[in-house]
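*Asks:* Numbering follows our numbering, in which position 189 of the sequence shown is assigned residue number 329; successive positions increment by one, without gaps.
Even for Gly, the Cβ is constructed at its ideal location relative to N, Cα and C.
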Amino acid sequence: MSSSSDRPPSVTTPRFPFVAIDIDASRADELGYVLVSMGATGVELRDDTTMVKGPGGGLIRLVASFDEREVAEEVLASLQADEPELQGEVGEVVGDEWRDAYKEHFRSFALTEKLLVVPPWEEPAPAPGQLVLRLDPGRAFGTGLHDTTSLVAEQLDQRRAVYAGAPILDVGTGSGILALSALLLGASEAIAIDNDPEVIDVVRSNAALTGLGGRLQVDTTPVENVSGSFPMVVANIRAPVLVAMAPDLAARLAPGGWLVLSGILAREEQEVLDGFLAAGLAHVETVGRGEGPDRWVAIVMRGVA
141 MSSSSDRPPS
151 VTTPRFPFVA
161 IDIDASRADE
171 LGYVLVSMGA
181 TGVELRDDTT
191 MVKGPGGGLI
201 RLVASFDERE
211 VAEEVLASLQ
221 ADEPELQGEV
231 GEVVGDEWRD
241 AYKEHFRSFA
251 LTEKLLVVPP
261 WEEPAPAPGQ
271 LVLRLDPGRA
281 FGTGLHDTTS
291 LVAEQLDQRR
301 AVYAGAPILD
311 VGTGSGILAL
321 SALLLGASEA
331 IAIDNDPEVI
341 DVVRSNAALT
351 GLGGRLQVDT
361 TPVENVSGSF
371 PMVVANIRAP
381 VLVAMAPDLA
391 ARLAPGGWLV
401 LSGILAREEQ
411 EVLDGFLAAG
421 LAHVETVGRG
431 EGPDRWVAIV
441 MRGVA
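1. Around the Cβ of Ala390, are there at least 16 other Cβ atoms within 10 angstroms (buried) or fewer (exposed)?
2. Glu329 bridges to which residues according to DSSP?
3. By Cβ distance, which residues of its chain are closer than 6 Å to Leu199, with the 5 residues on each side in sequence left out?
4. Tell me where the beta strand (DSSP E) around Val203 begins and ends.
5. Can we say the region 303-311 touches the region 403-412, given the rule of at least three CB pairs closer than 8 Å?
6. I'd like to know if the region 380-394 and the region 413-425 are in contact, where contact means that at least 3 CB-CB pairs between them fall below 8 Å.
7. Taking the alpha carbon of Gly396 as the reference point, which residue from Tyr303, Leu219, Leu226 and Ser218 has its own alpha carbon closest?
8. Within 10 angstroms of its Cβ, does Asp169 collect 16 or more other Cβ (buried), or is it exposed?
9. Comparing alpha-carbon positions, which option in Gly314, Asp276 and Ser328 lies nearest Arg300?
10. Between which residues of its own chain and Arg378 is the CB-CB distance below 7 Å, once the five residues before and five after are set aside?
11. Starting from the Cα of Arg274, find the closest Cα among Gly326, Val215, Ser345 and Leu291 and give me that residue.
12. What are the residues that DSSP puts in a beta bridge with Ser367?
13. Are the Cβ atoms of Asp359 and Ile317 separated by less than 8 Å?
14. Which value, in whole angstroms, describes the spacing of the CA atoms of Ser321 and Ala160?
15. Do the CB positions of Ala212 and Val183 come within less than 8 Å of each other?
16. How far does the beta strand (DSSP E) with Met178 in it reach, from first residue to last?
17. If you run the structure through DSSP and keep just helix, strand and coil, what is Glu411?
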């Protein structure tokens with residue numbers, strides 16, 4: 141008879157807490173950013189076009205993942221305290237259900253005219269002249285499918301002569317997609333920072349997948365403590381955080397350097413502009429997609445030469 145010590149150790153199936161909220165589609169992007177700011181490690185949007193169907197009736201289902209169920213419950217309670225009519229629930233995904241479903245709907249796509257994003261479970265098939273960026277965002281923010289990310293990527297593509305052969309700074313790097321895009325487009329080095337320590341390994345893994353690990357530095361250094369200056373700085377963060385960072389972001393620019401800001405709703409544009417104009421930068425242009433005050437925009441600024 142074998143003793144209990146001879147038995148293999150039991151394996152605990154991982155459980156991933158989430159908050160699911162049904163909301164009008166016009167508010168989905170904004171609430172998604174709020175959830176990330178409250179600790180969500182990722183946010184998935186489900187509607188009638190996604191593999192996992194949404195609630196229908198013109199509503200979007202936001203599914204935000206969290207590390208701890210207690211945090212998920214606190215976040216939902218806080219949101220419903222401010223908005224009692226908000227419909228939501230806390231649940232858990234068991235094992236690899238979430239990741240397997242995610243792999244089903246995250247496919248290769250053109251991030252810009254020059255950049256093709258390819259997950260590691262697909263074989264790349266780039267068009268002539270396209271550069272392949274291998275990406276597995278995992279539970280980090282930044283698949284490239286969201287306007288806030290793709291608007292910045294397009295600016296990096298269009299303005300690659302600005303930073304060719306020079307280092308760039310990516311503030312709020314998430315999955316690392318913007319830093320890696322800049323490296324593929326000609327930057328000599330990318331400094332990527334994020335206040336979430338859990339994304340660091342995700343970024344390093346993505347850099348290794350694309351063969352760029354030796355040219356990427358990623359950590360949780362606050363922007364005010366980053367040394368050096370850069371001809372190109374990108375920051376995809378919520379508008380109030382960008383405004384608070386304005387002096388420090390401006391200070392990271394080389395003379396005449398370019399700054400691309402995203403994570404901004406059209407109705408927040410003036411507030412962000414005022415903050416960065418006060419920091420001594422010039423407004424070059426604002427780009428966006430769609431119409432209305434709840435569309436996403438990116439603001440391009442430039443430092444004094």
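*Replies:* Walking through what the data contain:
1. Numbered from its first residue, the sequence shown carries residue 390 at position 250. Buried.
2. The residue you call residue 329 lines up with position 189 of the sequence shown. Answer is Pro307, bridged to Glu329.
3. Stepping through the sequence shown from its first residue, residue 199 is reached at position 59. If you ignore the 5 residues before and after Leu199, its C-beta comes within less than 6 Å of the C-beta of Asp162, all in its own chain and listed in chain order.
4. Counted from its first residue, the sequence shown places residue 203 at position 63. Residues Leu199 to Ser205.
5. Touching, no.
6. In this structure the region 380-394 lies against the region 413-425, because at least three pairs of beta carbons, one per stretch, are closer than 8 Å.
7. Stepping through the sequence shown from its first residue, residue 396 is reached at position 256. The residue from Tyr303, Leu219, Leu226 and Ser218 with its alpha-carbon nearest to that of Gly396 is Tyr303.
8. Looking up residue 169 in the sequence shown gives position 29. Under this definition Asp169 is a buried residue.
9. The count along the sequence shown starts at 1 and reaches residue 300 at position 160. Closest by alpha carbon: Ser328.
10. Taking the first residue of the sequence shown as 1, we reach residue 378 at position 238. So the qualifying residues of the chain are Tyr173, Ser177 and Gly403.
11. On the sequence shown, position 134 is the one that residue 274 refers to. Nearest C-alpha to Arg274: Ser345.
12. Position 227 of the sequence shown, counted from the first residue, corresponds to residue 367. Paired residues: none, contrary to the question.
13. Taking the sequence shown and counting its residues from 1, one reaches residue 359 at position 219. Taking the sequence shown and counting its residues from 1, one reaches residue 317 at position 177. A distance of 8 Å or more separates the beta carbons of Asp359 and Ile317.
14. In the sequence shown, residue 321 corresponds to position 181, counting from 1. In the sequence shown, residue 160 corresponds to position 20, counting from 1. Going from the Cα of Ser321 to the Cα of Ala160 covers about 31 Å.
15. On the sequence shown, position 72 is the one that residue 212 refers to. On the sequence shown, position 43 is the one that residue 183 refers to. With contacts defined as CB atoms closer than 8 Å, Ala212 and Val183 fail to qualify as a contacting pair.
16. Counting from 1 along the sequence shown, the entry for residue 178 is found at position 38. Segment: none, Met178 is in no beta strand (DSSP E) and carries neither H nor E.
17. Here residue 411 refers to the residue found at position 271 of the sequence shown. Glu411: helix per DSSP, three-state reduction.
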